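Following: one structure in structure tokens, then a few remarks.
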Amino acid sequence: MTDYTNRLQNLTTEKLIDVVKNYRQYGYDEELRNSAISLLEHRGISREELKLTGNFQNKTYDFAHNLYTSFRRNSKIAFVLYIVILLNNILIPVLSHNSEILSDLMLIANFAIVIGYFVFLIKSFFNQNQFYKSINQDYGTEGALMYFLLGMPFYFIMFFYFRNQMKEKMKEIK
Numbered sequence: 093m094t095d096y097t098n099r100l101q102n103l104t105t106e107k108l109i110d111v112v113k114n115y116r117q118y119g120y121d122e123e124l125r126n127s128a129i130s131l132l133e134h135r136g137i138s139r140e141e142l143k144l145t146g147n148f149q150n151k152t153y154d155f156a157h158n159l160y161t162s163f164r165r166n167s168k169i170a171f172v173l174y175i176v177i178l179l180n181n182i183l184i185p186v187l188s189h190n191s192e193i194l195s196d197l198m199l200i201a202n203f204a205i206v207i208g209y210f211v212f213l214i215k216s217f218f219n220q221n222q223f224y225k226s227i228n229q230d231y232g233t234e235g236a237l238m239y240f241l242l243g244m245p246f247y248f249i250m251f252f253y254f255r256n257q258m259k260e261k262m263k264e265i266k
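Mind the numbering: the sequence shown is residues 93 to 266 in my numbering, read in order.
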């Protein structure tokens, strides 16, 4: 940690403020951030001043990170339900020959799973849309159309594409 402290001491005040505000984006831990705050206090800039000037935390990043986390959770649930739907649609014809009751139960379960899939697909779409609005980028209607038209039948591709795209956008937030 002393190596990091020495490096921090060599930074300008503006760079230290940037480290305090954007430490998560740089991959720094809370301890390094606290060291930067302590150095700023020695240079005459208090925590209160950092908070008043909006340099204590990056609210845009925090809000976008929460939306990104919600998107990941909701899209992951939708992805699992999508796989269950595919497996269920393969098993229904196979099992319908053996038991009519079992096939009826599987059809009912499949219907409930499809509804759950759409609910979490829509929730992840709203998370993604809010995410882009929070970073002042227009997601646009073409994104929504692509999400719903391609997202349903090709969700296994769209799942990974949108997650990687949003992960890259998280790195760009300042």
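Glycine included, each C-beta is placed from N, C-alpha and C at the ideal position.
In this text the structure is predicted, and so the values were computed from the model without any measurement.
- Within the same chain, and ignoring the five residues on either side of Tyr-247 in sequence, the residues whose Cβ sits closer than 8 Å to its Cβ are Ala-170, Phe-171, Tyr-174 and Leu-213.
- For Asn-114, the three-state secondary structure derived from DSSP is helix.
- If the five residues before and after Leu-124 are omitted, its C-beta is found closer than 6 Å to the C-beta atoms of Tyr-96, all from its own chain and listed in chain order.
- Within a 10 Å sphere around the beta-carbon of Val-111 sit 16 or more other beta-carbons, which makes this residue buried.
- 8 Å or more divides the Cβ of Leu-100 from the Cβ of Leu-142.
- Classified as buried, Asn-150 has 16 or more neighbouring CB atoms from the shown chains inside 10 Å of its CB.
- DSSP assignment within the segment 101-158 yields the following whole alpha helix (DSSP H) runs of 4 residues or more, N-terminal first: 105-114, 122-134 and 139-144.
- Here Ser-167 is buried. Its C-beta has 16 or more other C-beta atoms within 10 Å.
- Sixteen is the threshold: when 16 or more other Cβ atoms of the shown chains lie within 10 Å of the Cβ of Asn-219, as they do, the residue is buried.
- Remark: C-beta atoms of Lys-113 and Phe-148 approach each other more closely than 8 Å.
- Here Leu-159 is buried: its Cβ has 16 or more other Cβ atoms, across all protein chains shown, within 10 Å.
- Here Ala-128 is buried: its Cβ has 16 or more other Cβ atoms, across all protein chains shown, within 10 Å.
- Contact check for Arg-139 against Thr-105 fails: the beta carbons are separated by 8 Å or more.
- For Lys-266, no alpha helix (DSSP H) encloses it, and the DSSP letter there is neither H nor E.
- At the C-beta level, Ile-207 and Ile-265 stay beyond 8 Å of one another.
- In the three-state scheme derived from DSSP, where H, G and I count as helix and E and B as strand, Pro-185 is classed as helix.
- Collapsing the DSSP output to three states places Ile-177 in a helix.
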